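The opening position of the sequence shown corresponds to residue 5 in the working numbering, with each subsequent residue numbered one higher.
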Amino acid sequence: MIVMKQRLYLVLLLIVAGIIACSKDTDSSIPDTSSNINFFTAVPNQEFDVTIDTTSIGTELGYGESTGYHAFQAKRYTLRIYRTGNHTVPIGGGEVSLRNGHYYSVFLSQNNSNTLQLTLVEDNLGASRPSYGKVRFINLSDTYVNAVSRLTLDIYVDNLRLFRRQSYQAATDFAEVPVGTRNVDVRYADSSLSLMGANSHSYEIQDQKQYTIIGYGNALKADSFKLTTFVH
């Protein structure tokens, strides 16, 4: 359950069937609880500091950087994001309920109007079959093909379409991919035209590993659009 803060819009993507609100204190029936949260920024030319309640999980985070997972007792917390060096007033944040045994990622991006946006995703880290890893895609590229039409993306792995029509702030489920070196390409939706050109990415998928591939920047500019990967 998310309580919105003024000036920043926090989108909650329910990857599983709902996030149950935790009380401010942990469930007394569970003596030891643990939950993990990670933060990633796709905002160019700015750096951020991030806290969970009063605990820092990252400082001076720049474009394409993440905190990695930080473990907390399972309960409700306040997420605050500050411009680096100025902790007087947060630029935004919200309350996040961290459930026992669950993993979460928060993604900071900038939409086409240069307004900061937050996306909270629950990371469903279930095991894959032997000789497979898992891949998902997060689209943090708010790109328009004209004044009214937002670009959507298809994600291919070894010329097989894995995810279709991913719009800005979309987060896919994890999909199994065979281990080995895999080529990842991003294309216009329902098209064979690649947005990556000669810059398609190869990834070494390892057995039982799980990967989040994040697309950010302007998808129509080769020197702007980027892919980065977070290994869970």
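Just so you know, even glycine gets a beta-carbon here, dropped at the ideal spot from N, CA and C.
A quick note: this is a predicted structure, and the numbers were derived from the prediction, not measured.
Same chain, Cβ closer than 7 angstroms to residue i, neighbours up to 5 away in sequence not counted
i: D57; result: Y81, T82
i: G184; result: I209
i: N150; result: none
i: R133; result: E180
i: G137; result: V181, V183, I209, Q210, D211, Q212, K213, Q214, Y215
Expected contact under 8 angstroms - CB spacing of residue i and residue j to nearest Å
i: L52; j: I85; result: Here residue 52 turns out to be Phe, not Leu, going by the sequence shown. The pair is a contact, with the Cβ atoms about 6 angstroms apart (cut-off 8 angstroms).
i: V125; j: S145; result: 16 angstroms between Cβ atoms; not a contact.
i: L120; j: A223; result: At roughly 19 angstroms, the Cβ-Cβ gap does not stay under 8 angstroms, so L120 and A223 are not in contact.
i: H236; j: L102; result: Not confirmed; about 16 angstroms, so no contact.
Beta-carbon proximity list for residue i, same chain, < 6 angstroms, skipping 5 on both sides
i: N40; result: Y73, A75, Y107
Buried versus exposed call for residue i [16 or more other C-beta atoms within 10 Å across all chains shown]
i: D227; result: exposed
i: D189; result: buried
i: L157; result: buried
i: G219; result: buried
i: N90; result: exposed
i: G66; result: exposed
i: V139; result: buried
i: Q212; result: exposed
i: T147; result: buried
i: Q10; result: Any reading at Q10 needs caution, since the residue's pLDDT is 42, under 50, leaving its predicted position unreliable; the model's value is listed next. Classification of Q10: exposed, given that the 10 Å Cβ count is below 16.
Check whether residue i and residue j have beta carbons under 7 angstroms apart
i: T88; j: E64; result: yes
i: F229; j: T216; result: no
i: R186; j: Y160; result: no
i: T71; j: N42; result: yes
i: H205; j: L231; result: yes
i: S117; j: A46; result: no
i: F141; j: T92; result: no
Residues of its chain near residue i, where Cβ-Cβ distance is below 8 angstroms and the 5 sequence neighbours each way are ignored
i: D194; result: D158, R168, R169
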